[in-house]
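What follows is a short report on a single structure.
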Amino acid sequence: MALMERNARMWRYILSTSFLGKNARRTAVMCFVFVVIFCVVQPISKDMMENDIANKLDKRDISDTITLQLTKEEISRLLARTNLKTNVSSSVVETKRAGSSIIQSNNFYEEDDEEDAKTPIGIKEDSDPPAGSPKSQKHSWPAILPPSNAGFLRQLDYSKYTTKEREFLQSRIPVYEERARTAAAACAARPEVIQELKSKVNMVWDTKHQPNIVHCPNFKVASTTMMIYFLRLGHFNENNPEILKLPEDQREEARFLAKYGAKHPKVFDLFPTPKSDEEKYKVFTNALRVILVRHPFTRILSAYRDKMVRMNPRPAQFNFRDVQLNIIKKYRPKDSKETSPHPTFAEFAQYVIDTTRKMRTMKDWRKVNCWQPYWVQCSSCNKDHNVIMKLETMKEDERFLFTISDLKELKQLKQSEWRHLQNVSSTDAAPDFYRQLTRRQMTDLYNSYKLDFQIYGYTIQNYLDIAKDT
1 MALMERNARM WRYILSTSFL GKNARRTAVM CFVFVVIFCV VQPISKDMME
51 NDIANKLDKR DISDTITLQL TKEEISRLLA RTNLKTNVSS SVVETKRAGS
101 SIIQSNNFYE EDDEEDAKTP IGIKEDSDPP AGSPKSQKHS WPAILPPSNA
151 GFLRQLDYSK YTTKEREFLQ SRIPVYEERA RTAAAACAAR PEVIQELKSK
201 VNMVWDTKHQ PNIVHCPNFK VASTTMMIYF LRLGHFNENN PEILKLPEDQ
251 REEARFLAKY GAKHPKVFDL FPTPKSDEEK YKVFTNALRV ILVRHPFTRI
301 LSAYRDKMVR MNPRPAQFNF RDVQLNIIKK YRPKDSKETS PHPTFAEFAQ
351 YVIDTTRKMR TMKDWRKVNC WQPYWVQCSS CNKDHNVIMK LETMKEDERF
401 LFTISDLKEL KQLKQSEWRH LQNVSSTDAA PDFYRQLTRR QMTDLYNSYK
451 LDFQIYGYTI QNYLDIAKDT
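Taking the UniProt record's numbering, the leading residue of the sequence shown gets 1, the next gets one more, and so forth.
Structure follows, in structure tokens:
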């Protein structure tokens, strides 16, 4: 109190002194007001805010995340007013990141830079987050997103759709929720896979439609069909002068021929990855995170038919012809009556079994081309895909995707234009090929791709029933 009276006398003396001009006195008054606000009003306001937050925390009256800019001292003062202090400090772990020390606990994290800068602190009640909201606290990339059970789909505004569209979309949501729950349960049993980050996952980032679409392509799962869809969305080759010279009835098909540049890398050029890690995280966590899968065994068969029964399979840099010859040399008995210049399916299957038997991590699988598991190729266990499409239900899944993001360029396509439906599929041909395998071979092959089966809800039983030694 004495200090405040002494300061007041000093300011009265300064303001009454005649040597100060009018402007100087005005400036002095403004300085005085600023000092009062900074030293008295602000601490009181901040103290009231801290009291309010502390009371809400004690009453568990906070249902969402509050983000504050606080120093260490302010954090300690806030925690001291609550009964959360013991809970928060009980699981502190420290890791290093890019010159900083990150101290992370169940519900709090702070970043301790050399300058002791203020950093965001998330305060959260001990409960599940709102459906679809990532709990990930570090906005780093690659991101590890916890499972949301496709909750993002429930949060969308469906008022912009027609009644027919809205009814269809909402009828499909339970399907994607169930698929997401199945994936989450399978991944939860393999926590080491959840934490394993793949440095690069090739994804198509469509930020031109709402909601945005981030799609992870998988080899031998309608990948060419999806490529053409995105080329359509990007209006690729619409004004190519070479194509415009063609007869009108040939132009549409020519747009998507390799000779006119329609190749997979072009899709990534049209829908590029955001430049900054922050932007990647922002788009990814607020997008339809799409993956397209099929039964792992029909996918392996599709890879065989594409890479093992042609003389010079593409891409040339993978040297698949050399792989073919090595398989024949190792797995075909010298007294065999088989004369094909290509491996049989049974020979190829045994090769896959032997070369993948001990593979457990993404690193183990990194040198495998074209038949990598989905969980490796797309980091399935930490990307929280909220739209899991299946080739077996492609008609409904495509309609859902085309409708929910209003993909006008694709909504009018006829089924006859769906490339993956044109030829006899590997799904239809699978029984004829898998009858060449024994139950033991099928089981061994299943074990190599077991996590894919579990994540995406596929079974092996129908194949075991047709094994050649059944």
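All C-beta atoms in this analysis are idealised placements derived from N, C-alpha and C, irrespective of residue type, glycine included.
Residue interval of the beta strand (DSSP E) (run including residue i)
i, result
"R289", "288-293"
"M389", "387-390"
Start and end residues, alpha helix (DSSP H) containing residue i
i, result
"M226", "223-233"
"D206", "Not the alpha helix (DSSP H): D206 falls in the beta strand (DSSP E), residues 204-206."
"I194", "191-194"
"I404", "394-404"
"P431", "426-434"
"F320", "320-331"
"P241", "241-244"
"V376", "374-377"
"N447", "439-448"
"P296", "296-307"
"residue 477", "Missing from the structure shown is residue 477; the chain here goes from 1 to 470 and no further."
Closest Cα partner of residue i within the set the options
i, options, result
"W375", "Q454, R314, Q461", "Q454"
"I388", "L197, A188, Q210, P217", "P217"
"E398", "G151, K160, V290", "V290"
"K259", "K275, N237, V214, F268", "N237"
"S379", "A184, E167, E279, T163", "A184"
"N286", "T443, R439, I460, R154", "R154"
"Q436", "Q317, D335, F345", "F345"
"K408", "N447, H235, R321", "H235"
"M394", "P147, Y158, T225, L197", "T225"
"I466", "L451, Y449, R440", "R440"
"K307", "N240, F348, S425", "F348"
"residue 475", "R357, Y463, S340", "Missing from the structure shown is residue 475; the chain here goes from 1 to 470 and no further."
"F186", "K468, L464, D469, Y458", "Correcting the residue identity first, residue 186 is Ala in this sequence and not Phe. The shortest Cα separation from A186 among K468, L464, D469, Y458 belongs to Y458."
"K268", "M203, K337, N319", "A quick correction: the sequence has Phe, not Lys, at residue 268. Here the closest residue by C-alpha is M203."
"S140", "S148, K383, N462, S448", "K383"
"L288", "F271, L270, P211", "P211"
"F219", "L257, R181, V293", "V293"
"E165", "E396, Y434, T438, D432", "E396"
Three-state secondary structure assigned by DSSP to residue i
i, result
"P141", "Correcting the residue identity first, residue 141 is Trp in this sequence and not Pro. Correct three-state label for W141: coil."
"V368", "coil"
"H215", "strand"
"N462", "helix"
"R357", "coil"
"R314", "coil"
"M362", "helix"
"T285", "helix"
"C187", "helix"
"F236", "coil"
"H264", "helix"
"K164", "helix"
"T182", "helix"
"Y158", "coil"
"Q454", "helix"
"D277", "helix"
"T470", "coil"
"A411", "Here residue 411 is Lys; the residue named in the question, Ala, does not match the sequence. Correct three-state label for K411: helix."
"A150", "coil"
Environment of residue i [buried if 16+ CB atoms lie within 10 Å]
i, result
"L301", "buried"
"Q412", "exposed"
"D206", "buried"
"G99", "Per-residue confidence for G99 stands at a pLDDT of 33, beneath the threshold of 50, marking its modelled position as unreliable; the derived number appears in the next sentence. The residue is exposed, with fewer than 16 neighbouring Cβ atoms inside 10 Å."
"S405", "buried"
"S336", "exposed"
"M311", "exposed"
"T162", "exposed"
"T470", "exposed"
"A231", "Checking the displayed sequence, the identity of residue 231 turns out to be Leu instead of Ala. Counting Cβ neighbours within 10 Å, L231 comes out buried, since at least 16 surround it."
"P147", "buried"
"S159", "exposed"
"F318", "exposed"
Inter-residue Cα distance where the pair is residue i and residue j
i, j, result
"I66", "Y281", "Per-residue confidence for I66 stands at a pLDDT of 42, beneath the threshold of 50, marking its modelled position as unreliable; no derived number is given."
"A150", "N386", "4 Å"
"H342", "V352", "15 Å"
"E242", "R255", "10 Å"
"R179", "Q324", "36 Å"
"L401", "D444", "35 Å"
"K329", "D428", "30 Å"
"Q170", "R366", "38 Å"
"I460", "Y446", "7 Å"
"H295", "K245", "43 Å"
"D64", "F152", "Any reading at D64 must be qualified, since the residue scores a pLDDT of 40, below 50, and its modelled position is unreliable; the value itself is stated next. So the two alpha carbons sit approximately 16 Å from each other."
"C370", "K363", "16 Å"
"Y449", "E192", "16 Å"
"R332", "E338", "8 Å"
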